[in-house]
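**Student:**
Residue numbers (mature numbering (1 follows the signal peptide of the UniProt record, and there is no 0)): -18 to -1, 1 to 564.
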């Protein structure tokens, strides 16, 4: 079981109330749970620890699970956090005084939300290896007066406190890497850049080192990988029923919901590891959000010569409007020689050598495809390697996700749906015949056109591991097979699982698992909780009552927990074709 990831104490300026009688959602757990729910804590908004039957315990430090913090009361004004190595997605905008426990090493903070209510922040001796925050939190902390006097134990109660280092502990360190920041689409900034600590009754002299944090410019922590306008979702929100839900690296805490939904150590460790993907056959995906936005290196080392056979004359290419925007690239509508095209372009800021080369490989891979069920590459345009643009055929019907959202279950007949489903299956048959794993098959990556039909898109090779896939936006993991979520060995059968999720979308017209609600507060279940249940094998997407029995049965086969139990793409296509002929 995962070790304690977060221990908190909070003081709430609210009167004590009697504990209402609500069903306890934690029955069956083997240890204590820390939560912030009015229903079970003595005071509204108070953070407390309860047993598996929701009885409050006196020990705030002994627990095995992290429960629901969505009801943290705005009346909570003072908070002490003593985490093991992770603070994530806590809305503390009403907190005035916050203190981090001292002596923490390699602490990661993601989307701890603060605002102008904050009057005191004490970092103690903490070493923070990653801090992702929104603009309001960044501004709130910078508005505090800096006092480098934590080691002096002065009685000051307002300002920004940190350690200069002494015999009791090392100096406070905040050092977010560019790699971690790029995954969120944010920008590295210096926290408290003008701090001049007031040294009181001490001989300590500060050797100033920047406190580097990542400030996100949008509500979500990753750009959508779709070729339409992506939606932004607050990473601190547990709502997944909207269009996007993002999980940042190191940003997962277990949110208990429904019946015994907790974050298991297997998923946590998988998300925390930096290991490279391990494939039985080479996996391939193509999403705009994976192309980095900074360049460092010698352009002569890029294998741009691989694209010479598909090079186009840039004078004949015109871009008109942006169809979609991700963290690192845009997809434009344009024309080439008078023909409508879609063009993927890297952002104008710099990109790494590795990421540009990955983009070149994406284009090269697309050029090797020749199938009516795969979006066709028109060619590539560049003046210098780092400016390369990918020109693709334009699909006028947009993506399947938008189509399902704008058509009701009653108006989108199953006869029409089966035509789309068959095309998707045929696309997988083609890819799998080449030992290519799509790995990011979802409704946003299925494009429609009245004339050209239904085609698969996004086949890049730039994803380094599953963590990046999960931060690509749109709650990508909701279509992932259990073995992909856990970042263990997987093969082409992972795409079949994703296909089963898409069949559920055809049935309900909603994103997988968007119907799940927390029985305590009625909010959508958190992404992390869904991940755990999927990996355990006790959760699959829902299907509507009007779903044809044969579609439901086929989907259940595709959603088998064990990869070996799933049908091959050719078998899926055969089953669908047989139904179409009836």
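Cβ coordinates follow ideal geometry from the N, Cα and C atoms, glycine included.
Keep in mind that this is a model prediction, so the values were computed, not measured.
1. Shortest alpha-carbon distance to residue 323 belongs to which of 301, 340, 311, 329?
2. Can you tell me the Cα-Cα spacing of residue 66 and residue 112, whole angstroms?
3. DSSP three-state label for residue 314, please.
4. Report yes or no: do three or more beta-carbon pairs, one from the region 508 to 521 and one from the region 462 to 470, lie closer than 8 angstroms?
5. Mind checking residue 513: buried by the 16 CB within 10 Å criterion, or exposed?
6. Whose C-alpha, out of 405, 419, 435, is nearest the C-alpha of residue 485?
7. Leaving out five residues before and five after residue 315 in sequence, what residues of the same chain have Cβ atoms less than 6 angstroms from its Cβ?
8. Please confirm whether residue 318 and residue 373 have their CB atoms less than 8 angstroms apart.
9. Considering only their Cβ atoms, is the gap separating residue 430 from residue 379 smaller than 8 angstroms?
10. Would the region 92 to 103 count as touching the region 121 to 129 if we require 3 or more Cβ pairs under 8 angstroms?
11. Would you mind reading off the limits of the alpha helix (DSSP H) that contains residue 161?
12. How many Å lie between residue 163 and residue 530 at the Cα?
13. I think residue 358 touches residue 344, with their Cβ atoms under 8 angstroms apart; what is that distance to the nearest whole Å?
14. Need the endpoints of the alpha helix (DSSP H) that residue 371 sits in, please.
15. Along the chain, where does the beta strand (DSSP E) that runs through residue 300 open and close?
16. Who are the Cβ neighbours of residue 39 in its own chain at under 7 angstroms, not counting the five residues just before and after it?
17. Three or more C-beta pairs closer than 8 angstroms, one from the region 499 to 512 and one from the region 523 to 542: is that the case here?
18. Below 8 angstroms, can you find three or more Cβ-Cβ pairs linking the region 358 to 367 to the region 410 to 417?
19. State the DSSP-derived secondary structure class of residue 73, mapped to helix, strand or coil.
20. Helix, strand or coil: which one does DSSP assign to residue 291?
21. Measuring alpha carbon to alpha carbon, tell me which of 193, 37, 77 ends up nearest residue 110.
22. Could you please give the first and the last residue of the uninterrupted beta strand (DSSP E) stretch that includes residue 142?
23. Please say whether residue 558 and residue 403 have beta carbons closer to each other than 8 angstroms?
24. Pull up the CB-CB distance for residue 478 and residue 540, whole angstroms please, since I reckon it's below 8 angstroms.
25. For the beta strand (DSSP E) holding residue 90, just list the boundary residues, first then last.
26. Any idea what DSSP makes of residue 550, helix, strand or coil?
27. Between the C-alpha atoms of residue 386 and residue 165, what's the straight-line distance to the nearest angstrom?
**Tutor:** Put simply:
1. It is 301 whose Cα lies nearest to the Cα of residue 323.
2. Bear in mind that the predicted position of residue 66 carries a pLDDT of just 45, short of 50, making it unreliable; the figure below should be weighed with that in mind. If you take the alpha carbons of residue 66 and residue 112, they lie about 14 angstroms apart.
3. DSSP places residue 314 in the strand class (E or B) of the three-state scheme.
4. Cβ pair count under 8 angstroms is three or more, so yes.
5. The residue in question, residue 513, is buried, as its Cβ has 16 or more Cβ neighbours within 10 Å.
6. Nearest C-alpha to residue 485 among 405, 419, 435: 405.
7. For residue 315, same chain residues with a beta-carbon under 6 angstroms away, outside a window of 5 residues either side, are 302, 303, 305 in chain order.
8. Residue 373 is positioned such that its CB atom lies closer than 8 angstroms to that of residue 318.
9. In this structure, residue 430 lies closer than 8 angstroms to residue 379 by Cβ.
10. With a cut-off of 8 angstroms, the region 121 to 129 and the region 92 to 103 count as touching, because enough Cβ pairs lie within range.
11. DSSP places residue 161 in the uninterrupted alpha helix (DSSP H) bounded by 160 to 166.
12. Each residue's Cα considered, the two are about 45 angstroms apart.
13. The Cβ separation is near 14 angstroms, so there is no contact.
14. In this chain, residue 371 is not harboured by any alpha helix (DSSP H); it is covered by the beta strand (DSSP E) spanning 371 to 375.
15. Boundaries of the beta strand (DSSP E) around residue 300: 299 to 307.
16. 14, 31, 32, 33.
17. Per the Cβ contact rule, the region 499 to 512 is not in contact with the region 523 to 542 (fewer than 3 Cβ pairs under 8 angstroms).
18. No, the region 358 to 367 does not touch the region 410 to 417.
19. Residue state, collapsed to three classes: strand.
20. In the three-state scheme derived from DSSP, where H, G and I count as helix and E and B as strand, residue 291 is classed as helix.
21. Answer by Cα proximity: 193.
22. Residue 142: member of the beta strand (DSSP E) spanning 141 to 143, first to last residue.
23. Taking 8 angstroms as the cut-off, the beta carbon of residue 403 is found closer than this to the beta carbon of residue 558.
24. Right, their Cβ atoms sit about 5 angstroms apart.
25. Run containing residue 90: 89 to 95, per the beta strand (DSSP E) assignment.
26. Residue 550 falls in the coil class under three-state DSSP.
27. Cα to Cα, the separation comes out at about 29 angstroms.
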